[in-house]
Structure formats: structure tokens, C-alpha cells
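Protein sequences appear in the order of chains C and V. Residues in the first sequence are numbered from 370 upward in steps of one, following the working numbering. Residues in the second sequence are numbered from 11 upward in steps of one, following the working numbering. From the three backbone atoms N, C-alpha and C, an ideal C-beta is built for every residue, glycine too. As the structure is a computational prediction, the values presented were derived from the model and not from experiment.
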Amino acid sequence: MSVADLEFRLPDDVDAVHDPDGGDVIVSRRGSRTPPQVLSSDAWALLELFREPRTLAGAVLAHCTSTGQDPVATLEAAFPVLVALTRSELLVGAGTDAAASLVARHAVGEHVGPATLVARIRVLRDSELWDAVLEDGAPAVVKVVDDPTSGPELFRREATALRRLRGGPVPNLVWSEPRDTGGVLVLSFVDGDPVDLAALDARGSRGDADAISLVLATLDAYAAVHARGVLHGDVHPGNILADEQGHVTLIDFGIADIADAGLGPAPRTGGGEQLDPAAAQALRHGQPVPELDVTAEVYSLAALAFRILTGAAYLDLDLERDDALDAIATRPPRPFADVGRPRWPAVEGVLACGLAKDPAARQATAADLRDDLARAARQVPAPTTDAGELTSAEAAALVENSDIDGLAWADADEATAAVRADALQAVAVDTGSVEAHDLALLWRVRAGHHRAGERLHTEG
Amino acid sequence: MPNPAGERLARLSRVATIRAAALTGRLGPEPQGSSDLAALLYRAGGCAPSRGIDARWPQLVLRRAERPVRAALSGHTRSATAAWMSWTRTDADTSELVHKIYVSPSVGALAEALTTTFAVAIDLGVPAWKVGADVAGIHRADKIVLYLPTGEAADRAASILAVALNHIEPQGVPFTGQVGDTGIVSRGIDHDGTSWRALVCRSLADALVAGGAVAGPTAPPMDVADLAYERLVGLGFDVTTWWPLQPPTPQPPTPTPQPMTTGANR
């Protein structure tokens, strides 16, 4: 049977969200690790035809019949999209296992080893995570690894690493059981958020002091893990949980490298900003990826520190895969100022060392990186200066004098109204003031379509 | 600005109305002028995101609120749009859920208010609620909305929430009926698929334009506002407290000022 004869279908567990501002549709499959895909409304209309099994050509013909489009041109335009959708399992062969909707392997109330399942955290096609409770009432997490290809090794590495690291900055392994396609782990519950988000304050902004504390706590945790012969191999913010007190716990050791455990070299991740230059270079050229070592993990940790401190990746990696791999292999980290953060030359210098392309130029260990950063952080970030920024007294006066009973309201033309709207909006952003926000909106309507060309500096 | 006696949300609503009234002599031709006013009224009471806000923060706050009650939420369907995250009890008939409770903490107090609101909503068996799920959504005045099937159930839940949230700094939703002392909790009711605030703001904008035409371009804004309020009273609105006691007489349809999300299941 040729591809032309194959029937495909849109799985029942695909969800679509329509963007009200544009014509795009965000499409994702429940339980899939593939990120949501953004489709044009036209492409979504075509994809929806696969609710019933169809061949690719049959769907394109049906689409063209309803839209009046040219079938040949449409097929040429749609074919790459349809191929991409098959790769992300949004379009699957009719009647195949991949077409089946995801069903949870367990249920609330079920006993798994010493744990009773309480609530589902997430169910993916290759794993599950559950909130659970132990017999003594202690909260726990049940992790199910279920993938015929990689599951057994992921389970074995995770269980081995957690036993090796017992008492360290990792969850306590309460119970485990291997299975043919992976296994089940019962872990002590860890309360926390991804470490890069834990640095945010009550209004969602990043504080330098909290961020550097979390970086140092994270590097302390990695130094402790490395000291016991374990390299994590999966350094990203979602695998480092920080609680409200700033305590850090490392999770997910499925691809960890564990010295003297008889497990052989660990599998490497296939991408992401934590990838070190040698691995990126190898992936780019289709060569075997070098084994994980401390210098590669130090690079990943420097990349992670950059993200915790700035909220952004150390490189602009919003690129095609090949270009992103090339950027990791060749480009130096961008300055903090490029991602909207205050300059912090001392800290940026230490991170640049950790992110050196030559492994020999990096800090030798996670502990060294930690100590260098702790020293550098004693120098405070460079203050941001904005010549147009109002003092708090000026901002208060501007708000006070901008209401409709003031002279400004009586006299303003559209141009000055636009300038005032911008100035009030800046105050609203700086202060969070509802009053400034509402007055900015008022003056914006007053200004009509006129846009301000300059900022209002002071208000008499 | 005048500060009429009464509750906080009533005052915020009155201020927003008078400011909008001041624009009536300066608007473009209809229907755009009325639409601009309706949008202005609808957005009143919001605030601006801080400069360095992380776009993922709203989702983080929602996850933190869910975490302590994850087990209790197993009987709810969680759904998402670009702007809202919704929780709906699986046995709820969403077509009946027109009685609304607004919970409006200041952005800095959102995390604490959400945790309390989730706990109370679950404890009371509230059938559905939604929360702004992006940066814009959590800076709206009406960032948390609960839906109930009857006015009595909504009044009771609102009173309990007002006590539970009394110590939290409010933001407050203009043109909704205040419950409790601070204005952090208030009430509304949807009509024929149109959200309470959309209905109020469109009706008020039309009334302000009409009032401005009657009073003339040099009339004091307060006079224009009073004329508009007279018209709204005739339509069944309580323009003092904005309490949704009586189903107001629907206005003839007017152009929508901006996309407004309504409904518990959207």
C-alpha cells in the first residue's frame, strides 16, 4: 500500500483553541509531549476533515470542493503542513495505536505499592504522575514510566540515582517496581515551583536578590549531587523545584549518568538551551553526541543561571533547529541588557566563563561556578537610568492634575492629550495604580487617533 | 471629583461614569463614539502590568492555587482559552449559570486571594469559575468570576467570600453590586448570553451619548451623567449600587465595543 492509499485521521483527543484576535488556531493533543502547534484557520479547516478517516488527497479534494480553491495548488501548499502534523501525531494512521485516545493507566483511590492515589497531576502517552498519600498520611508522588523503547532504562537510571542520592537534594525514593515498559516509583512529595519562576515577586517581576539566592542554592544542590558521582544530564528549570523558603530539590534522573553503577553512558537530550556546544555540534552534523561529563553539566548550569537571573535564554534560540544548534556551538551569551535586565558586569562575566565554547575555559566544577557567582554578586547590578522617568511626587502630581476638573482637561488639544495619555500610562506601569490606568485610557480616547511624539516629563 | 456617599464600588462606578460623560462632546460620529465610551467604561478599574513582568507568572499563580485542592478538583473539568482558565463541575448545567460573583484582589494580592477563593468555591460546591490566565487577564478588574445557578446561592457564596477575603487589598469591579466592606467581592447577572458588565457598559454608553446630545456640548459632565442615569433607571438598572436585582429591559443591539468573554464554559 502506498502513502497515497493510506487513510489518516485526527485523533479524538486533539484540542483546538481559536485565537480571537487573529485567524490562528492553537492545536494540541492531550498527553503529548509535542508543544501545541499554531495553524492558520484554513489549515485547521483542512485538518478537521480528518475527523473521519481519509486519504491525504481525498481530504484536499473535499476541502477544495467546499472552498473553491485549486486542488493542485492546495495540495502543494498543504502537503508539508500535513507531513508536519503526522510527525507531531496530530494526524495519525487510521486504526493504528497512535490513533487511540489516551487513557489513564491508574485511577483515584487505587493502591500502588504503599501509596494510595489521590489526584492526577498529569497523564502523558509515555508516563503518569499522581498525587498520592502513604499509609502514615504523608503526601507522596507516584511516577509511572511506560514506554516500551526507553522506559526500562529511564526507570533503572532514576531508581539507581535516587538510591545513591538518598538524603540529598532529591525526593526520597519510598518504593519502586520495575515493569516491562518501565516501572513505578513512589517518591516523597516535593512542594515547589520551577526555579526560574520561583524568583518572581508578588507582581510577577524578577528580583535580583531572590534570583541570585536561588541560583546559588541550585548550584549547591548540583555540587552535592556531583560529589556522589551523579550527573543529572537534564538541567532545566522544570527539573529544579524551589519552595517558598528557597530550598531546592532536583527531580527527574531518568537520563542521569551514574558513576560505577554499571549502567553505561547516559543517553543525551536532543536539544534545548541546556545543550553544551560539543553536543550541539555533533547533533548538527549527525554525529554521535559526546558522553556527558562535568564540563558539559557546568555549561548547562551556567545557561540555567542566566535564565533564573533574567527570565530569558542566554542566546536567542527562537530559530530553526539547525540554526539553533549552530548558535549554541558558536555564539557567545548575550548581555543582560539585551533581554531587558539591568547590566550586571561581574555576574555576566562569570556566566560567560561557564558558557565558554572551550570546556577547558569553563569553571571546573559546579562548586567553582557557585563560588565565582557568589563573589561576583556582591557587586550590585548597574542602576537603570531613564531620563524621562518621573519622580514619585511628579507622578502623583500628574495623576492629580489629569482629571476632568483640571485645567489640562479644559485646554488640551489632541496632540497634548496623546502626550498626557502616554505619561499616565508610564505612571500606571511603574506604580500599578488603577487611577493612573483609568486616566490614561480616558486621555487616550480624548486624543482620538493622535499618537504622542514625545513624553511628558513633568507636571506643574 | 465628587465622592458620593456609599460604598467603594458605587463611587468607582460614579467616577468612571462622569469621566466618560466628559467625553460626550468630543466623540467621533456614531456608532463609533458610543463604542469608544462602552470600551472605556468596560476597561475602567483595570491596571497596567509592571515593566518586568514574566508572561508565565499568571499560570504559575494558578498552579499554586490548584495545588492544595488538586484532589477536590478531580470532579471538575479544567478548560482553557487564550485569556481564561475555567473550572466546571462535571455535573453542572452551564446554561443555568448566569448569577456571577466577581472577586477582584489587587494584583499583588492575587496569589493569596486565589488560594482562598478556590478553597471556598470547592467547599461551597460552586459549579464553575474562571480566572484570567494571561498577563492582561489578571490586570483586569474582573479577573476572577464565579458562576452559580440561583441568586440566593450566589448571594450566600458572595457573603462568605467577602468575609474570607476581607483582609486582602481589593482592586474592585466598577458597575457591579458590592458585597462586604472592601469591594473585593461583588455581584452581577448575565442576560441572554450577554455578560453583566458588557450589558451595563453598552447601555450606559448609549445613555451618555443620548444625554450629551440633550444637554449640549458645554454641559457639565455631572449633568450628562445624571441624564444617563435617569435613562438607565427607566431600563431597570440600579444606578446607585449597580446591584443586579431586576432583569433590566434589554437595549436594542448595538455594535460590540471590543471582544468580551462571557459564559462559564468559555
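Query                                                                                                                                                                                                           : Result
Taking only the alpha-carbon atoms, compute the straight-line gap between residue 618 (chain C) and residue 609 (chain C) and give it to the nearest angstrom.                                                  : 6 Å
Would you call the stretch 128-144 of chain V and the stretch 69-81 of chain V touching, i.e. three or more CB-CB distances under 8 Å?                                                                          : yes
Once DSSP output is grouped into helix, strand and coil, what is the label at residue 574 (chain C)?                                                                                                            : strand
How about residue 274 (chain V): is its C-beta nearer than 8 Å to some C-beta of chain C?                                                                                                                       : Interpretation of residue 274 (chain V) is limited by its pLDDT of 48, a score under 50 that renders its predicted location unreliable; the figure taken from the coordinates is listed afterwards. By this cut-off, residue 274 (chain V) is not an interface position.
Quick check on the DSSP output: the alpha helix (DSSP H) that includes residue 25 (chain V) runs from which residue to which?                                                                                   : 18-31
Output yes or no for whether 8 Å exceeds the beta carbon distance between residue 667 (chain C) and residue 587 (chain C).                                                                                      : no
Cα-Cα, which of V:203, V:186, V:201 is closest to residue 195 (chain V)?                                                                                                                                        : V:186
When the distance is taken between beta carbons, is residue 152 (chain V) closer than 8 Å to residue 68 (chain V)?                                                                                              : no
Could you check whether the stretch 509-517 of chain C touches the stretch 415-426 of chain C, counting it as contact only if at least three pairs of C-beta atoms, one from each stretch, sit closer than 8 Å? : no
Quick check: the Cα distance between residue 52 (chain V) and residue 482 (chain C), rounded to an integer number of angstroms?                                                                                 : 54 Å
What are the residues in the stretch 214-244 of chain V lying within 9 Å of chain C by C-beta distance?                                                                                                         : 231
Buried or exposed: residue 200 (chain V), going by 16 or more other Cβ atoms within 10 Å of its Cβ?                                                                                                             : buried
For residue 97 (chain V), which beta-bridge partners are listed by DSSP?                                                                                                                                        : V:88, V:139
Leaving out the 5 sequence neighbours to the left and right, which residues in its chain are closer than 6 Å to residue 805 (chain C) when beta-carbon positions are compared?                                  : 768, 793, 796, 797
If contacts are defined as beta-carbon pairs under 8 Å, then residue 468 (chain C) and residue 380 (chain C) qualify, I think. What distance do you get, rounded to the angstrom?                               : 6 Å
Rounded to a whole number of angstroms, what is the C-alpha to C-alpha distance between residue 782 (chain C) and residue 812 (chain C)?                                                                        : 11 Å
Are there 16 or more other CB atoms within 10 angstroms of the CB of residue 789 (chain C), so buried, or fewer, so exposed?                                                                                    : buried
If we require 4 or more residues per run, which alpha helix (DSSP H) segments fall completely within the stretch 176-263 of chain V?                                                                            : 206-225, 231-244
Could you say which of V:108, V:254, V:89, V:114 lies nearest to residue 100 (chain V) if we only look at CA atoms?                                                                                             : V:89
Could you please give me the residues that DSSP links to residue 63 (chain V) through a beta bridge?                                                                                                            : C:574
Can you tell me whether DSSP reads residue 741 (chain C) as helix, strand or coil?                                                                                                                              : helix
Does the beta carbon of residue 270 (chain V) sit closer than 8 Å to a beta carbon anywhere in chain C?                                                                                                         : Bear in mind that a pLDDT of 33 at residue 270 (chain V), under 50, signals an unreliable position, so the number given afterwards is only what the model happens to contain. No, residue 270 (chain V) lies away from the interface with chain C (no Cβ there is under 8 Å from its Cβ).
Residue 797 (chain C) versus chain V: which residues are under 7 Å apart at the beta carbon?                                                                                                                    : 57, 58
Taking Cβ to Cβ, would you say residue 484 (chain C) is nearer than 8 Å to residue 396 (chain C)?                                                                                                               : no
Pick helix, strand or coil for residue 618 (chain C), following the three-state DSSP scheme.                                                                                                                    : strand
Please list, in chain order, the chain V residues whose beta carbon lies closer than 7 Å to that of residue 806 (chain C).                                                                                      : 56, 57, 58
For residue 806 (chain C), does the three-state DSSP call read helix, strand or coil?                                                                                                                           : helix
Once the 5 residues before and after residue 385 (chain C) are set aside, which same chain residues still bring their CB inside 6 Å of it?                                                                      : 394, 396
Could you round the C-beta distance between residue 234 (chain V) and residue 225 (chain V) to whole angstroms and report it? I think they count as a contact, below 8 Å.                                       : 5 Å
Is DSSP giving residue 661 (chain C) helix, strand or coil here?                                                                                                                                                : coil
Less than 8 Å between CB atoms is the rule here; does residue 4 (chain V) satisfy it with respect to chain C?                                                                                                   : Since the displayed chain V opens at 11 and closes at 276, residue 4 (chain V) lies outside it and no answer follows.
Secondary structure at residue 103 (chain V), three-state DSSP: helix, strand or coil?                                                                                                                          : coil
What residue range does the alpha helix (DSSP H) around residue 435 (chain C) cover?                                                                                                                            : 425-436
By the criterion of Cβ-Cβ separation under 8 Å, what are the contact partners of residue 26 (chain V) in chain C?                                                                                               : 807
Using a Cβ-Cβ cut-off of 8 Å, state whether residue 210 (chain V) counts as contacting chain C.                                                                                                                 : no
Beta-carbon within less than 6 Å of residue 565 (chain C)'s beta-carbon, same chain only, minus the 5 sequence neighbours each way: which residues are those?                                                   : 606, 676, 677
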